Amino acid sequence: MNLGAWQRHLAAAIRRLEAASTLAAQTAARYSPRPETFVKKHIIPVALIAMFIVLVSNQALFPAKIFDKAAKKQLTAYLEDICGWILAREQAARDGQIQSVANTPLSLQGNLARVLLAGGELTKNGPKCLEEAMRWCDAFAGKQQRVVTSLGNEGGYWPGPGGDVELSEDSLAAIALARGLAYADGSRKKVYQEALDRYARFLLEGVRAGTGLRQTVTGWQLQGENGGALGGGIQKGVPSLKPSSASTAAGTAFLAQMSTLSRDQNLRHATLQALEWVLRNRRPNGEMPNLVAGEESEQMPFTTMTLAGEAIQSAYYLLNDTALNQRMGTELDNTIRRMMRLQGENGLWGEGDDRRGSSGVATLLAWHLLSFKGDETIPQALDKFWQNLSNPVHAQSFGVLLHPISTAWMGLTTAEMIKPGITFRKM
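Quick note on this note's numbering: the sequence shown kicks off at -11 and runs consecutively.
This is the structure we're talking about:
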């Protein structure tokens, strides 16, 4: 069989697998007493086989041609599978077959919505992806809890379990709402903008004591030695006003979004301060330590890197500061090289829960390569990453199409490989 015939054969097989997956999903919804079990046994294996065929159909994909048209076509098919899984999961949650989406972490909800927004631009099922993403934005904006800031203005945030507030969770979800704003119009656009403005005021102006909070917070962005960093949030009525790497990185990304939506220069200034802390907090070898309530933690180093990457790329794509961008490219050289040294033989980073959030490392490597013609060995690192995930067994162990956190981060990474910047701004 020649190459052309082989590719046509593969394309036909993929179409059959897609049809089978759709039929399986419909059958599960109608006839299976335990649809979630049916999905695990039937739909997911089909999807994994489809992804495997898509990624191995062109052996010349990696490493040199990872960003050419043929590669992007294959990655688009990968993204379509991810978006299809998210859509099916959202429907299953609404039907009461699995845990309600509202009961999952806010950061996860926001990441899934951002994947769908990118899918709305990049996949053939775009309208459905966009519809589902906007449905989430509607619900999220409506759940905001309003408060009075220390300056007497109206602020707002999204409480988590037990009424606690985790700023990294709120900020990551709010980024998705800011992205949704680009697709909103009329009253929907007004509702989104007002919710975003309230959260921005909450970050910068803090909140007055009351409704369970024991003391007034004048702002979550710190001054002095740790100037620019953001605190962690509120736990059992007590504010955490010590540096948090996760909150600062996520907050930077959110504030960068707001800098494009408002003429308030305070927002841009706060964004730059937070970004400076992220960059300044690195060690001489490029490592980005994870600070939790001001104390260094050895947990989740690669997820921390992913979040830092969100902050860095948000600033790059949204602040339109050429001098800053060039500076970041140079300063991050050692961080990029360190990430390649720490890449496992299997092409991945980290273990356990940390691995689920590590695909953003690959996103950062690709960004540095494309934006600054970075280290010439970056394509080889990306090659190892994608070749591993082209294997259905390895993809399953990573959690793609099984674990929502892994799938969400992989969706964002895949979209960025197809069209750099698409998960940060409308293009």
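Heads up, the beta-carbon is just placed ideally off N, CA and C, and yes, glycines get one too.
What you are looking at is a predicted structure, and each value in this text was computed from that prediction instead of being measured.
For residue i, collect the residues of the same chain with a Cβ closer than 8 Å to its Cβ; drop the 5 residues on either side in sequence, then sort them by chain order.
i: Ser228; result: Gly219, Gly220, Gly221, Ile222 and Ala281
i: Pro21; result: Residue confidence is low: Pro21 scores 40 on pLDDT, short of 50, so the model does not pin down where it sits. No coordinate-derived value is stated.
i: Gln133; result: Gly144, Tyr145, Trp146 and Pro147
i: Leu127; result: According to the sequence as given, residue 127 is Ala; it is not Leu. Excluding positions up to five away in sequence, the list reads Ala90.
i: Ser95; result: Ser156, Glu157, Leu160, Ala161 and Ala238
Taking all protein chains shown into account, decide if residue i is buried (16 or more other Cβ within 10 angstroms of its Cβ) or exposed.
i: Lys361; result: exposed
i: Asn273; result: exposed
i: Asn308; result: exposed
i: Thr199; result: exposed
i: Pro392; result: buried
i: Ala59; result: buried
i: Ala192; result: Going by the sequence as given, residue 192 is Leu instead of Ala. Buried is the call here.
i: Ser175; result: exposed
i: Leu56; result: In the sequence on display, residue 56 carries Asp and not Leu. Exposed: under 16 other Cβ atoms inside 10 Å.
i: Ser88; result: exposed
i: Gly338; result: buried
i: Pro23; result: Unreliable placement is indicated for Pro23, whose pLDDT of 43 sits below 50; the coordinate value is still reported in the next sentence. Under this definition Pro23 is a buried residue.
i: Arg202; result: exposed
i: Asp173; result: exposed
i: Gly225; result: exposed
i: Glu68; result: buried
i: Gly130; result: exposed
i: Gln287; result: exposed
i: Gln314; result: exposed
i: Pro367; result: buried
i: Glu157; result: buried
i: Glu404; result: buried
Do you know how far the Cα of residue j is from the Cα of residue i?
i: Tyr180; j: Ile163; result: 11 Å
i: Gly297; j: Arg102; result: 16 Å
i: Ala13; j: Glu78; result: Below a pLDDT of 50, predicted positions are generally treated as unreliable, and Ala13, at 48, falls in that range; the measurement from the model is reported next regardless. Going by the C-alpha atoms only, they are around 13 Å apart.
i: Gln85; j: Gly387; result: 20 Å
i: Ala311; j: Tyr304; result: 10 Å
i: Ala106; j: Leu165; result: 13 Å
i: Lys178; j: Ala65; result: 35 Å
i: Gly212; j: Ala258; result: 14 Å
i: Lys407; j: Gln209; result: 33 Å
i: Pro149; j: Gly239; result: 20 Å
i: Ala8; j: Arg344; result: Residue placement at Ala8 is flagged as unreliable, the pLDDT there being 42, under the threshold of 50; the coordinate-derived value follows with that caveat. Looking at the two C-alpha atoms, the distance is approximately 28 Å.
i: Phe373; j: Gly340; result: 17 Å
i: Leu352; j: Thr294; result: 8 Å
i: Leu139; j: Leu255; result: 16 Å
i: Gly216; j: Ala369; result: 33 Å
i: Thr236; j: Asn278; result: 11 Å
i: Cys117; j: Gly72; result: 8 Å
i: Leu110; j: Leu400; result: 12 Å
i: Met327; j: Val349; result: 7 Å
i: Leu263; j: Arg329; result: 25 Å
i: Asp342; j: Thr402; result: 19 Å
i: Gln331; j: Glu182; result: 42 Å
i: Gly108; j: Pro115; result: 6 Å
i: Ile32; j: Thr204; result: In this prediction, Ile32 scores a pLDDT of 49, lower than 50, which makes its location untrustworthy; no coordinate-derived value is stated.
Residues in its own chain within less than 6 Å of residue i by CB, not counting five upstream and five downstream?
i: Val136; result: Arg196
i: Leu100; result: Ile74 and Ala396
i: Cys125; result: Leu165 and Gly168
In the DSSP assignment, the alpha helix (DSSP H) including residue i goes from what residue to what residue?
i: Tyr304; result: Pro289 to Leu306
i: Trp208; result: Unbroken run through Trp208: none, as it is neither H nor E.
i: Ala262; result: Gln253 to Arg268
i: His356; result: Ser347 to Phe360
i: Asn99; result: Leu94 to Leu110
i: Gly174; result: Gly174 to Glu193
i: Pro367; result: Ile366 to Leu377
i: Gly67; result: The residue asked about is misnamed: residue 67 is Leu in this sequence, not Gly. Looking at the DSSP string, the run of the alpha helix (DSSP H) that includes Leu67 is Lys57 to Arg82.
i: Gly317; result: Thr310 to Glu319
Excluding the 5 residues flanking residue i on each side, which residues of the same chain have their C-beta closer than 7 Å to its C-beta?
i: Val153; result: Tyr145, Pro147, Gly221 and Ile222
i: Val42; result: Low confidence applies to Val42: its pLDDT is 47, below 50, so where it sits in the model is not reliable enough to give any reading.
i: Asn141; result: Arg189 and Glu193
i: Glu120; result: Leu75, Glu78 and Leu104
i: Tyr19; result: With a pLDDT of only 33 at Tyr19, under 50, the local geometry of the prediction cannot be trusted, and no value is derived from it.
i: Arg186; result: Gln132, Arg134, Glu142, Gly143 and Gly144
i: Gly409; result: Tyr305 and Met415
i: Leu377; result: Ala383, Phe386 and Val388
i: Glu275; result: Arg326
i: Met451; result: Summary: the structure shown does not reach residue 451, with the chain confined to residues -11 through 415, and so no result is reported for it.
Kindly indicate the opening and closing residues of the beta strand (DSSP E) around residue i.
i: Leu279; result: Asn278 to Val280
i: Tyr145; result: Glu142 to Tyr145
i: Arg134; result: Gln133 to Val136
i: Ser156; result: No beta strand (DSSP E) contains Ser156, which is instead part of the alpha helix (DSSP H) from Leu155 to Leu169.
i: Ser285; result: Glu283 to Ser285
i: Ser228; result: Val226 to Ser228
i: Ile222; result: Gly221 to Gln223
Exercise. Check whether the stretch 246 to 259 touches the stretch 221 to 238, counting contact only when three or more Cβ pairs, one atom from each stretch, lie closer than 8 Å.
Key: The stretch 246 to 259, when compared against the stretch 221 to 238, does not touch it at the 8 Å Cβ threshold.
Quiz prompt | Cβ contact (3+ pairs, closer than 8 Å) linking the stretch 311 to 320 and the stretch 353 to 360 | solution = Contact between the stretch 311 to 320 and the stretch 353 to 360 is present, because at least three Cβ pairs lie under 8 Å.
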